[in-house]
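> In terms of our numbering, the sequence shown has 1565 at position 137, counting the first letter as 1, and numbering is strictly consecutive.
Mind looking over this structure? Questions follow.
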Amino acid sequence: MMANASQLERLLNLIPYLQTREHAEVSEVARHFGVTAKQVLADLEVLQFCGLPEGYYDDLFHVDLEGAREDGFISFRNAEVLTRPRRLRIDEASSLMLALEALLEISGGEDPHARSALAKLRGVLGDVDPAVSVDVAGGLPEHREALRRAIDEHRVVEITYTAQRSGPHRVEVEPVLLRVVDGATYLEGWSRVRDGWRSYRLDRMDDVSPTSEQFEPRADPPSAETTWFNDADQLTLGLDPRAAWVLEYFPVTFSERSEDHIWVTFPVGSREWATGLLLRLGAQVREVSDGDLAAAAAREAAAALDLYEMVGGTDAGDPPSSG
């Protein structure tokens, strides 16, 4: 299991790096990616199980892990599996189509590559309906368009913004990019008031006014997990130790562990997503900082149980039927 998003990003860059460097030294790779040699070896342990979904020997990357440990050189082969034409199942093609639709929604339909790929998928799928619709909280179309132009032109924007904690206020921002996180679109930019990188949800923007002032681009903004939650709600959960996986899967801002209890705080961009997480955790949740969210999860759980009983389900304590 990957520890975090930074390891995933490093692995995605490590593949082409090793493809162009036969027998690269572990120490050289560590210097290039700014990690320890031990971390490089840990990355290689993950990489040897990557490749195509089928998972057969010839579908996976070939990594000589023993040689890397003993000799300090990396033998990396069979990366050409990624160039094989992929045959997508209906569910895979539908998922890809939905992702492309979401991308086009926030880009205003201006990405020609996404449009082309989506048209090809629709041509292949024909009348197949993925039975799912794309719903991105992207704010007003005119706000997205104004921000896209300002990003392209490196133009400062003035935004009237309603934050959940501090109410409406006006900010000057050097806009850099738009991101979608948990179904909500965020603007990443440099706040001149806060003198730092900040994230702003587009559906909380009341007004977007590009100015005549242009700015010099700064260094790249931090990764999404360290910026987008600046204005997100913070949810604190008290959990059973069996739910420790939450610490690895989400960008937590606080955690504390004891032998029989875990406290964890993380940002929430979507209350629907948070409700789903509470339902997934079930009895492993002991305390919830947001009472309304806990009540919403309880209502959904009760509704699901009522539906289950309506269609003739067994009692919760009964074992499943053997058929």
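Glycine included, every Cβ here is placed at the ideal spot set by N, Cα and C.
Hey, how far is the Cα of Leu1442 from the Cα of Arg1543?
29 Å
> So Arg1577 is in the alpha helix (DSSP H); what residue range does that whole segment cover?
Counting along the chain, the alpha helix (DSSP H) containing Arg1577 begins and ends at Pro1569 to Glu1581.
> Pick out whichever of Glu1581, Asp1580, Glu1494 and Val1692 has its Cα sitting closest to the Cα of Gln1476.
Glu1494
> What would DSSP say about Asp1746, mapped onto helix, strand or coil?
Unreliable placement is indicated for Asp1746, whose pLDDT of 40 sits below 50; no coordinate value is reported for it.
> Indicate the three-state DSSP secondary structure (helix, strand or coil) for Arg1598 in the structure shown.
strand
> Taking 8 Å as the cut-off, does the region 1695–1707 touch the region 1719–1726 (at least 3 CB pairs, one atom from each stretch)?
The region 1719–1726, when compared against the region 1695–1707, does touch it at the 8 Å Cβ threshold.
> Can you find the residues in the same chain that come closer than 6 Å, C-beta to C-beta, to Thr1664, ignoring five residues on each side of it along the sequence?
Thr1693 and Ser1717
> Compute the beta-carbon to beta-carbon distance between Ile1587 and Val1636, rounded to the nearest angstrom, for a pair I have assumed lies under 8 Å.
Contact flag correct, Cβ pair sits at about 6 Å.
> Relative to the alpha-carbon of Glu1641, which residue among Glu1600, Tyr1628, Val1674 and Glu1450 has its alpha-carbon at the smallest distance?
Glu1600
> Can you give the Cα-Cα distance for Asp1634 and Tyr1589, rounded to whole angstroms?
So the two alpha carbons sit approximately 6 Å from each other.
> Which stretch, first to last residue, makes up the beta strand (DSSP E) that contains Glu1641?
Run containing Glu1641: Met1633 to Gln1642, per the beta strand (DSSP E) assignment.
> For Tyr1677, is the classification buried or exposed, using 16 other Cβ atoms within 10 angstroms of its Cβ as the cut-off for buried?
exposed
> Just to confirm the assignment, what range does the alpha helix (DSSP H) spanning Ala1702 have?
Arg1699 to Leu1709
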